[in-house]
RNA sequence: GCCCUCUUGGCGGAACUGGUAGACGCAACGGACUUAAAAUCCGUCGUUCGCGAGGACGUGCCGGUUCGAGUCCGGCAGAGGGCACCA
């Protein structure tokens, strides 16, 4: 593989030579297309002509295309490249279609990696980040993207986050912000809060200390209050992928159920409430369970070391849902007994349990083991009764029993007093009615969606503009004091929060009383930064967060493109934030993204050296079945194929590809083969094919003898010329449709077919040459969104003096795309036996007669009786015969 | 554990709303051109039986619906994404 590309590199250098072409009128031109010379030339022309600068122009329809902006981790990898090239194809296509296109780019510049780099390399996060931005910007520029760079910004720039702080204060005033406690991963050695990904097997990644959970008072955006609106508005996002809409619906997790009050045999805690989605199973209840964070559990733990230890044990599982859900179900019997609301004398033991979440519902449940798997696992472990109260249709209630699998299906109620015989929905209604009349319960709706905790005990983020005063409490920073900027002399490689530890930064006079007070030393979740950047792009010079004229013109984003990994959090937070911005008057829209395309991820094998360190693909050499580290020959472990990420080092930089084959070949290759929504594994094979395509197009264009630009259309065409014209127009129609539907790989295939036909075509006469010019021009315009440099070079070679970037998209002539005959497949009993050409839209009787007259058909029928003939117009005829 | 995807030749994939499975590209193989190589051009290319015409089988696995299933339904297996402090 390596050898092949070295050969190619050598070739590339040789290709710079020029020669005199025999059919050309004495002009010097390249025998080989030299991307290295051509590509920078056109990029300079585009830049000098300011052709991608977007301005408000009400004479054209606007089109805002945006790819999710990158985190400046250091280098762009080919996975990013696919994303941006896709957006660029759309931007260039829409421009050619006459739209006024906005296609901006910026940097999601706050985040953990900068702090890690600061600790490892002793470099300030800002310095590291801006250095990365410089590198990545030059990489993106290399790709020839049609971006309006005048709108560029980084979220770590105070000129950006100042407005974010302003909006935080506005949202606070408007009641979208709350302050409450939540659990965090606490590293007791480093005295720092850890991100979930920094907790490995319950231990801090750096210190190795067992991670504890701590309660901190933090800022939250009240997204849960908007749950219903965010849920119902998903119905209108009909240009989003269904799977993303479904994931968001599930995430919001609306569930209808009931809250039920249980009385306790404890004077101190006389009652508590549970939430259930299955109030119909109340007669099957055999225990109650409360969260470790439930006030009763916390209260009972005081002075009870066994319970305190149990709670501590549960907390070691961690804060992630995945860890809690997969952990073994554990409970601690509090000794308390809850009275069953309906059954006089029946009591249920009350456990503190590790699988009950305080954040969901009321932090307390009743367990009905027969009809909930989690409850059943728990009941089996602690020897609790399992009484079925819903029996499947057709089963006898007396004999129906539940073993190791809970019955969660439909059925009739049993063992349930007044509900016996009812269906599940009827029973739900009946039990709620009874609970209401007894004043011990009512129907209620809860959501899985929790408020969005935005406080982070980190340095490299947007400071939260709040001040804590001993006398006045929490006081917002006055607008005129914004931005609250990060100190430039923070020390990062010590335990604890750098802002809290900084000697002077936090000290400030209280804006209300003037006495000494303390700044909030937390910074915002970086998801806040990315929840409104699309609005800032409309005018990055606006003196407030947004310029209403600009956002009213450009928003919403017409086409948003990004990885499926953001299907939930980023998109949901942006939807919330946009609504909050609307209420604060910063935008007129509620939904930020009209159309969404989630591209598949680029994956690659992962590699580890004997010490377990990740290796870059370029550090690995493969020999037959084994892999070794280049240079050292150490054995390398080949790991799973995973999404390209810097943390696992399975990344391929785009420069190497672009340098050897040219950017257009890389762009063409990225758009070919894999459908864009699907994951695709990067491989070096195939880029050669793209390179050959580029060379082939160049050869065909430059070797053609053509009439001058603007020569009048001949009155008649030869059969071959007509055929070529038909292909050109059919290809135009097909590629246009493919691009509209994001079927880039199919558009590429259509253009390959077109080029194959052009390679075979011989222009014998003037009309043939005219048709050839038409076809070549069509090809150049159609391929332009994908290979824009090659398109410009070809356009010039075709003697045009204008730029392709200013040229309109070709239109297919319906007279030339029409098909007159169709091939109809003939089946006998569903098996294909023959085919027949028929005029398009021939009526069923004509087709049937023609089909039955075929020899092959008669042979296949073999004398059996024809039961019926199914004719699908223009497609298929199926003859159904009596079976032997 | 829960939610969401995906699975088609040696490989990436195509097949519009259930209607000719394998378009197009890659790789491989055979040939032409060349002193030679590269480039280029022509051809073969799911498996299998057959001299051939042609036939049988074939879209992860098992089953179902249908005149007809890669496509729809039920079940299973494998791979991947998300699970709230990675972005």
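Numbering (my numbering), first residue to last: 114 to 997.
For glycine and all other residues, C-beta sits at the position ideal for the given N, C-alpha and C.
Secondary structure of residue i, DSSP reduced to three states
{"i": "residue 353", "result": "coil"}
{"i": "residue 117", "result": "At residue 117, the pLDDT of 31 sits below 50, so the modelled position is not reliable and the matter cannot be decided from this model."}
{"i": "residue 810", "result": "helix"}
{"i": "residue 210", "result": "coil"}
{"i": "residue 989", "result": "strand"}
{"i": "residue 679", "result": "helix"}
{"i": "residue 933", "result": "coil"}
{"i": "residue 182", "result": "coil"}
{"i": "residue 794", "result": "strand"}
{"i": "residue 787", "result": "coil"}
{"i": "residue 493", "result": "helix"}
{"i": "residue 911", "result": "coil"}
{"i": "residue 313", "result": "strand"}
{"i": "residue 630", "result": "strand"}
{"i": "residue 887", "result": "helix"}
{"i": "residue 444", "result": "strand"}
{"i": "residue 654", "result": "coil"}
{"i": "residue 139", "result": "In this predicted model, residue 139 has a pLDDT of only 30, less than 50, meaning its place in the structure is not dependable enough to derive any value."}
Cα-Cα separation between residue i and residue j, rounded to whole angstroms
{"i": "residue 462", "j": "residue 538", "result": "28 Å"}
{"i": "residue 854", "j": "residue 957", "result": "33 Å"}
{"i": "residue 982", "j": "residue 483", "result": "54 Å"}
{"i": "residue 674", "j": "residue 283", "result": "29 Å"}
{"i": "residue 994", "j": "residue 340", "result": "59 Å"}
{"i": "residue 959", "j": "residue 965", "result": "10 Å"}
{"i": "residue 166", "j": "residue 838", "result": "36 Å"}
{"i": "residue 186", "j": "residue 231", "result": "13 Å"}
{"i": "residue 702", "j": "residue 206", "result": "26 Å"}
{"i": "residue 978", "j": "residue 992", "result": "10 Å"}
{"i": "residue 470", "j": "residue 789", "result": "39 Å"}
{"i": "residue 545", "j": "residue 559", "result": "16 Å"}
{"i": "residue 141", "j": "residue 199", "result": "Its pLDDT being 33, under 50, residue 141 is placed unreliably in this model, and the coordinates cannot settle the point."}
{"i": "residue 489", "j": "residue 401", "result": "13 Å"}
{"i": "residue 589", "j": "residue 597", "result": "11 Å"}
{"i": "residue 472", "j": "residue 404", "result": "9 Å"}
{"i": "residue 361", "j": "residue 161", "result": "44 Å"}
{"i": "residue 791", "j": "residue 650", "result": "29 Å"}
{"i": "residue 677", "j": "residue 514", "result": "43 Å"}
{"i": "residue 915", "j": "residue 909", "result": "8 Å"}
{"i": "residue 242", "j": "residue 222", "result": "7 Å"}
Residue i: CB within 7 Å of a non-hydrogen atom of the ligand NAD
{"i": "residue 372", "result": "What this structure holds is no ligand at all, so the ligand NAD is not there to describe."}
Which listed residue (the options) has its alpha carbon closest to that of residue i
{"i": "residue 256", "options": "780, 298, 822", "result": "780"}
{"i": "residue 480", "options": "634, 960, 429, 396", "result": "396"}
{"i": "residue 169", "options": "663, 887, 155, 646", "result": "663"}
{"i": "residue 278", "options": "876, 694, 848", "result": "694"}
{"i": "residue 485", "options": "473, 500, 474", "result": "500"}
{"i": "residue 610", "options": "886, 643, 303", "result": "303"}
{"i": "residue 616", "options": "623, 631, 625", "result": "631"}
{"i": "residue 264", "options": "852, 163, 846", "result": "163"}
{"i": "residue 335", "options": "359, 313, 288", "result": "288"}
{"i": "residue 297", "options": "794, 286, 310", "result": "310"}
{"i": "residue 321", "options": "328, 313, 327", "result": "313"}
{"i": "residue 363", "options": "946, 682, 920", "result": "682"}
{"i": "residue 244", "options": "188, 229, 275", "result": "188"}
{"i": "residue 913", "options": "330, 928, 886, 767", "result": "886"}
Beta-carbon separation (whole angstroms), residue i vs residue j, contact threshold 8 Å
{"i": "residue 565", "j": "residue 686", "result": "6 Å"}
{"i": "residue 667", "j": "residue 215", "result": "5 Å"}
{"i": "residue 536", "j": "residue 371", "result": "About 17 Å separates the two Cβ atoms, so there is no contact after all."}
{"i": "residue 922", "j": "residue 435", "result": "With 8 Å as the limit, residue 922 and residue 435 do not qualify as a contact, their Cβ atoms being about 48 Å apart."}
Identified DSSP bridge partners for residue i
{"i": "residue 101", "result": "This structure gives no information on residue 101, because the portion of the chain shown stretches from 114 to 997."}
{"i": "residue 300", "result": "305"}
{"i": "residue 260", "result": "Answer is none; residue 260 lacks a bridge partner."}
{"i": "residue 402", "result": "464, 478"}
{"i": "residue 721", "result": "727, 750"}
{"i": "residue 620", "result": "631"}
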